[in-house]
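Using the UniProt record's numbering, the first residue of the sequence shown is number 1, and each one after it goes up by one. Working notes for the structure below.
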Amino acid sequence: METPTYNNVHNRFKLNGFSLDRDDLCRIAYSYIKEGEAYEKPVGMFILDWFDQNDYIEMTTSGTTGAPKKIKVDKQSMVNSALSTGDFFELEPGNRVLHCLPAQYVAGKMMLVRGFILGLDIDFVEPTSTPLERNDQTYDFGAMVPLQVQHSLDKLPQIKKLIIGGAKVSSALTKELVEIPTEIYETYGMTETITHIAAKKVGEEAFKVLPNITVSEDERHCLVINAPRISVETIVTNDVVKILNDQEFIWLGRIDNVINSGGVKLFPEQIEEKLSHKINRRFFVASRESEELGEMLVLAVEGDPYVIDDQAFGDLGKYEKPKVVLFVPKFSETSTGKVLRAESLESVS
């Protein structure tokens, strides 16, 4: 079967109940930009960019593989990514899909591309923290960030298959999700990989890559992604992983977050996982310089100081218990809500 191109719009594609072809979409795009709500304007701008004369889309990276920067993403690669997602999650033309992600970021753009290419029936709603509020529709597929999932637990059975991305799913949230009948996946990806390149069912340990992708590790034990249909270049990440085979890996943490305390390598993300259901505020684990240890493990908690019961640290290993607890009035964060660890710590130095 011939691979669709970015000029195609599948004849089963719908947006908010309306069957739309390329010309219809461009007309709607103009009305979104001119008269639409704030969340609709980026949809209009993306649609016009998608159907312009260029064979690429400009996007800003998330900073996963380095400092955030503008990159040109090949439109046909985005089509190939959509096809891989369709294969992996067994999406079919006419499937009803909830789109509740902001369209200015890659995940939101790719939901639209999947609709165009796979012929999905997309219900696009405002990307709030409670996207299923006052919504009793049922969906075959949907995508959310962990915050949206946390605020939609009682409504998730309305979605048959759900993918979660944008941030790690905590062990506390995982415990709640495994009890829900929805088929739920945590995804792994970044702007450079045109959203996710791997997924795992919540509760499972290893990520499995999508079709036509293989993985390996470099000398730092960081993930290396070979996805020729998505990126001409091999993508080297700063994510420390355990490779099981060329299609499966276990994510351990970010190499730029690894703490060397007295010769012991500590992964903040793994410690945070153990603390996730013991501390009921936003927090993170980081390091500060120490003459004795080189780096000293510290716990940063958002908000006013309070006494943390020592039992909260009961699941931590000998070297994993923080030496100091710092209270930060308000964490610094990116426009997408990711906590900026170094900047947050600087505010209490």
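We put the CB at the ideal spot given by N, CA and C, even for glycine.
Exercise. Taking the alpha helix (DSSP H) that F13 falls in, what are its first and last residues?
Worked result: Looking at the DSSP string, F13 is not in any alpha helix (DSSP H), and its letter there is neither H nor E.
Exercise. Under the rule that 16 or more other beta-carbon atoms within 10 Å means buried, what is P329, buried or exposed?
Worked result: exposed
Problem set entry | Cutoff 7 angstroms; reference Y32; Cβ partners in own chain excluding five residues on either side | E40, K41, V43, G44
Exercise. Candidates H221, S170, T193, T195: which alpha carbon is nearest G203's?
Worked result: S170
Exercise. Residue ranges of each alpha helix (DSSP H) run of no fewer than 4 residues wholly in the segment 156-196, ordered along the chain?
Worked result: If we require 4 residues or more, the alpha helix (DSSP H) runs fully inside the segment 156-196 come out as 171-177.
For this session: Pull up the distance between the alpha-carbon of V113 and that of T214, whole angstroms please.
Result: Rounded to the nearest whole angstrom, the C-alpha separation of V113 and T214 is 23 angstroms.
Exercise. Between which two residues does the beta strand (DSSP E) carrying C100 extend?
Worked result: C100 -> no beta strand (DSSP E), and no H or E assigned at all.
Exercise. If we ignore side chains and look at the alpha-carbon of each, how far apart do residue 352 and I197 end up?
Worked result: The displayed coordinates of the chain run from 1 to 349. Any statement about residue 352 would go beyond what the structure contains.
Exercise. Sorted by chain position, which residues of the same chain lie with C-beta nearer than 7 angstroms to L316's C-beta, five sequence neighbours on each side aside?
Worked result: I271, K274
Problem set entry | Helix, strand or coil at residue 354 [DSSP, three-state] | A query on residue 354 cannot be resolved here, the shown segment of the chain reaching from 1 to 349 and no further.
Problem set entry | Pick from R22, D121, V209, D55 that is closest to K72, judged by C-alpha positions | Checking every option, the nearest Cα to that of K72 belongs to D55.
Exercise. Should G119 and R12 be called a contact, given that it needs their Cβ atoms to be closer than 8 angstroms?
Worked result: yes
Problem set entry | Among R229, G115, H10, the one whose alpha carbon lies nearest that of D140 | G115
For this session: Measure from the alpha carbon of I250 to the alpha carbon of each residue in S19, T187, A172, then state which is nearest.
Result: T187
Exercise. N8 to P127, Cα distance in whole Å?
Worked result: C-alpha separation (whole angstroms): 26 angstroms.
Exercise. What does M111 pair with, by DSSP beta-bridge criteria?
Worked result: Bridge partners of M111: none, in fact.
Exercise. Between I122 and V149, which are expected to be in contact by the criterion C-beta below 8 angstroms, what is the C-beta distance as a whole number of angstroms?
Worked result: In fact, because the Cβ distance is near 19 angstroms, the residues do not count as touching under 8 angstroms.
For this session: Alpha carbon to alpha carbon, how far is E248 from F207? Give it in angstroms, no decimals.
Result: 5 angstroms
Exercise. For K208, which of helix, strand or coil comes out of DSSP?
Worked result: strand
Exercise. Which word fits H221, buried or exposed, when buried means at least 16 other C-beta atoms lie within 10 angstroms of its C-beta?
Worked result: exposed
Exercise. Is the CB-CB distance between H10 and P93 below 8 angstroms?
Worked result: yes
Exercise. Is there at least one non-hydrogen atom of the ligand ATP closer than 7 angstroms to the beta-carbon of K34?
Worked result: Only the bare structure without any ligand can be found here, which leaves the ligand ATP out of the picture.
Exercise. Count the other CB atoms within 10 Å of the CB of G294; is the residue buried (16 or more) or exposed (fewer)?
Worked result: exposed
For this session: Count the other C-beta atoms from every protein chain shown that fall within 10 angstroms of the C-beta of T191, then say buried if there are 16 or more, exposed otherwise.
Result: buried
Exercise. Can you tell me whether DSSP reads S77 as helix, strand or coil?
Worked result: helix
Exercise. Taking the alpha-carbon positions, what's the D87 to N212 distance?
Worked result: 11 angstroms
Exercise. Comparing alpha-carbon positions, which option in S129, V307, T195 lies nearest S77?
Worked result: Nearest C-alpha to S77 among S129, V307, T195: T195.
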